[in-house]
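**Student:** Numbering (our numbering), first residue to last: -3 to 285.
For reference, the structure I am asking about is given below.
Rendered as structure tokens:
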């Protein structure tokens, strides 16, 4: 069985489309389609159904996922050990990060990083999905979590506090009860179950004008004057003003992580150090009323 067939299979399983898989693998859609056709012929099973333009795994495809990932990890381990012998800071480093960091912080970091390490190419994947690391589609993960996954290594670079944010014309105050009489943007969807928004619900359940299931979108709604918002410091976008810190709300922890097999590779090591230092010293992630 050709290893490239397995890579194409995993790429389609992850992305759900031929176009996205081809972009991920940097090959043509025709090649990806040919790989899947050949793999289905070799296995004697249909691996995907096409439903409303998306590729979905069949039962046979689901059964193939586990051995395919094992094969992929084996090849990645071999590659990592070989790459680890090259101690020059050069080559591709794949980074996965949440949307807030990808949109508002990392572009500046990448520009400065390239000046110091012109031979390292950074690839950014905007996602919180764990498979980016477990399937080794990323080398470095920037993650907000109380505790990192056990299979990754790295360090906590700082904490991210929560606060109540509004427009530049809103008045800051130490009296939270005054703010709770204002209109807030509430949470819906999966965001509604977050402890911060459950806490907010008990204090101003009758003063919500709009609701949102995404923190980035909530920050933009608040900046446009749709109401106040409870946000962590990484969402304090330009045009928002901190009205009051939420000192009683547990801070988020920010981690920079990698897979144990990759931590001694020079390009990974230098990239992790740079990103960690930049995040740790970035004044935009600190609160000040």
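Virtual Cβ for every residue (Gly too), placed ideally from N, Cα, C.
All values reported here derive from a predicted model rather than from experimental measurement.
Going by DSSP, what residue range makes up the alpha helix (DSSP H) through residue 9?
**Tutor:** Residue 9 sits at position 13 when you count from the first residue of the chain shown. First-last of the alpha helix (DSSP H) with residue 9: -1 to 11.
**Student:** Whole angstroms are fine: how far does the CA of residue -2 sit from the CA of residue 236?
**Tutor:** Your numbering for residue 236 matches position 240 in the chain shown. Your numbering for residue -2 matches position 2 in the chain shown. Each residue's Cα considered, the two are about 53 Å apart.
**Student:** Based on the DSSP output, what are the partners of residue 225 in its beta bridges?
**Tutor:** By one-based count along the chain shown, residue 225 stands at place 229. Looking at the DSSP assignment, residue 225 forms a beta bridge with 161.
**Student:** Please list the segments of the alpha helix (DSSP H) lying wholly inside the stretch 176 to 204, counting only runs of 4 or more residues, in order along the chain.
**Tutor:** 191 to 197
**Student:** Candidates 9, 122, 222, 234: which alpha carbon is nearest residue 64's?
**Tutor:** Within the chain shown, numbered from 1, the residue matching residue 64 stands at position 68. The shortest C-alpha to C-alpha distance from residue 64 to any of 9, 122, 222, 234 is the one to 9.
**Student:** Using the C-alpha atoms, what's the distance from residue 146 back to residue 94?
**Tutor:** Translated into positions along the chain shown, residue 94 becomes position 98. Translated into positions along the chain shown, residue 146 becomes position 150. So the two alpha carbons sit approximately 19 Å from each other.
**Student:** Bridge partners for residue 251 per DSSP, in chain order?
**Tutor:** Translated into positions along the chain shown, residue 251 becomes position 255. Residue 251 pairs with 139, 152.
**Student:** Please name the residue in 263, 282, 58 whose C-alpha comes closest to that of residue 90.
**Tutor:** Translated into positions along the chain shown, residue 90 becomes position 94. When each option's Cα is compared against that of residue 90, the closest is 263.
**Student:** Do you know offhand how far residue 286's Cα is from residue 40's?
**Tutor:** The question about residue 286 has no answer, for the chain in this structure spans -3 to 285.
**Student:** In chain order, which alpha helix (DSSP H) runs of at least 4 residues are fully inside the stretch 15 to 64?
**Tutor:** 25 to 39
**Student:** For the beta strand (DSSP E) that contains residue 279, what are its first and last residues?
**Tutor:** Against the chain shown, residue 279 aligns to sequence position 283. Segment: none, residue 279 is in no beta strand (DSSP E) and carries neither H nor E.
**Student:** Would the stretch 134 to 152 count as touching the stretch 249 to 260 if we require 3 or more Cβ pairs under 8 Å?
**Tutor:** Result yes; three or more Cβ-Cβ pairs closer than 8 Å.
**Student:** On a Cα-Cα basis, can you pick out the residue from 281, 218, 56, 45 that is closest to residue 153?
**Tutor:** Here residue 153 refers to the residue found at position 157 when the chain shown is read from its first residue. Selected option, being the one with the closest Cα: 281.
**Student:** Buried or exposed: residue 102, going by 16 or more other Cβ atoms within 10 Å of its Cβ?
**Tutor:** As a first step, residue 102 must be located in the chain shown, where it is residue number 106. It is buried - the Cβ of residue 102 has at least 16 other Cβ atoms within 10 Å.
**Student:** Where does residue 85 sit, in a helix, a strand or coil, going by DSSP?
**Tutor:** Numbered from 1 along the chain shown, position 89 holds the residue referred to as residue 85. Correct three-state label for residue 85: coil.
**Student:** Report yes if the CB atom of residue 175 is closer than 9 Å to the CB atom of residue 229, and no otherwise.
**Tutor:** The count along the chain shown starts at 1 and reaches residue 175 at position 179. The count along the chain shown starts at 1 and reaches residue 229 at position 233. Their beta carbons are not under 9 Å apart, which means residue 175 does not touch residue 229 by this criterion.
**Student:** Thinking C-alpha only, which one of 12, 141, 107 is nearest residue 249?
**Tutor:** Taking the chain shown and counting its residues from 1, one reaches residue 249 at position 253. When each option's Cα is compared against that of residue 249, the closest is 141.
**Student:** Can you tell me the Cα-Cα spacing of residue 17 and residue 134, whole angstroms?
**Tutor:** Residue numbering aside, residue 17 sits at position 21 when the chain shown is read from its first letter. Residue numbering aside, residue 134 sits at position 138 when the chain shown is read from its first letter. Per the coordinates, the alpha-carbon of residue 17 lies some 15 Å from the alpha-carbon of residue 134.
**Student:** When DSSP labels each residue in this structure, what does residue 285 get in the three-state scheme?
**Tutor:** Position 289 of the chain shown holds residue 285. Model confidence at residue 285 stands at a pLDDT of 47, short of 50, so the residue's coordinates are unreliable; what they give is reported in the following sentence. Looking at residue 285 - three-state DSSP - the assignment turns out to be coil, as it is neither helix nor strand.
**Student:** Within 10 Å of its beta-carbon, does residue 81 have 16 or more other beta-carbons around it, so buried, or fewer, so exposed?
**Tutor:** Position 85 of the chain shown, counting from 1, holds the residue named residue 81. Bear in mind that a pLDDT of 49 at residue 81, under 50, signals an unreliable position, so the number given afterwards is only what the model happens to contain. Counting Cβ neighbours within 10 Å, residue 81 comes out exposed, since fewer than 16 surround it.
**Student:** For the stretch 83 to 123, list the alpha helix (DSSP H) runs that are entirely contained and at least 4 residues long, ordered along the chain.
**Tutor:** 95 to 100, 102 to 112
**Student:** Hey, residue 205 and residue 223 are a contact pair by Cβ (cut 8 Å); roughly how many whole angstroms apart?
**Tutor:** Here residue 205 is taken as the residue at index 209 of the chain shown, counted from 1. Here residue 223 is taken as the residue at index 227 of the chain shown, counted from 1. Their Cβ separation, rounded to whole angstroms, is 5 Å, which keeps residue 205 and residue 223 in contact under 8 Å.
**Student:** Using C-beta distances below 8 Å, list every residue in its chain close to residue 278, excluding the 5 sequence neighbours before and after it, in chain order.
**Tutor:** The residue you call residue 278 lines up with position 282 of the chain shown. The residues are 101.
**Student:** Leaving aside the five residues before and after residue 164 along the sequence, list all residues of the same chain whose C-beta is less than 6 Å from its C-beta, in chain order.
**Tutor:** To locate residue 164, count along the chain shown from 1; it is residue 168. Once the five neighbours on either side are set aside, the close Cβ partners of residue 164 are 237.
**Student:** Check whether the Cβ atoms of residue 13 and residue 50 sit closer than 9 Å, and answer yes or no.
**Tutor:** Stepping through the chain shown from its first residue, residue 13 is reached at position 17. Stepping through the chain shown from its first residue, residue 50 is reached at position 54. Yes, Cβ-Cβ distance for residue 13 and residue 50 is below 9 Å.
**Student:** Buried or exposed for residue 70, going by 16 or more other Cβ atoms inside 10 Å?
**Tutor:** Here residue 70 refers to the residue found at position 74 when the chain shown is read from its first residue. Classification for residue 70: exposed.
**Student:** Can you check which of these residues, 191, 193, 57, 200, is closest to residue 179 by C-alpha distance?
**Tutor:** Counting from one through the chain shown, the residue named residue 179 turns up at place 183. Of the candidates 191, 193, 57, 200, the one whose C-alpha sits nearest the C-alpha of residue 179 is 200.
**Student:** Report the option in 123, 122, 240, 211 whose CA atom is closest to the CA atom of residue 167.
**Tutor:** The residue you call residue 167 lines up with position 171 of the chain shown. Checked all of 123, 122, 240, 211; the closest Cα to residue 167 is 240.
**Student:** With DSSP as the reference, identify every bridge partner of residue 206, one or two as the case may be.
**Tutor:** To locate residue 206, count along the chain shown from 1; it is residue 210. 181.
**Student:** If you draw a straight line from the alpha carbon of residue 242 to that of residue 160, how long is it in whole angstroms?
**Tutor:** Here residue 242 is taken as the residue at index 246 of the chain shown, counted from 1. Here residue 160 is taken as the residue at index 164 of the chain shown, counted from 1. Distance between the alpha carbons of residue 242 and residue 160 is about 7 Å.
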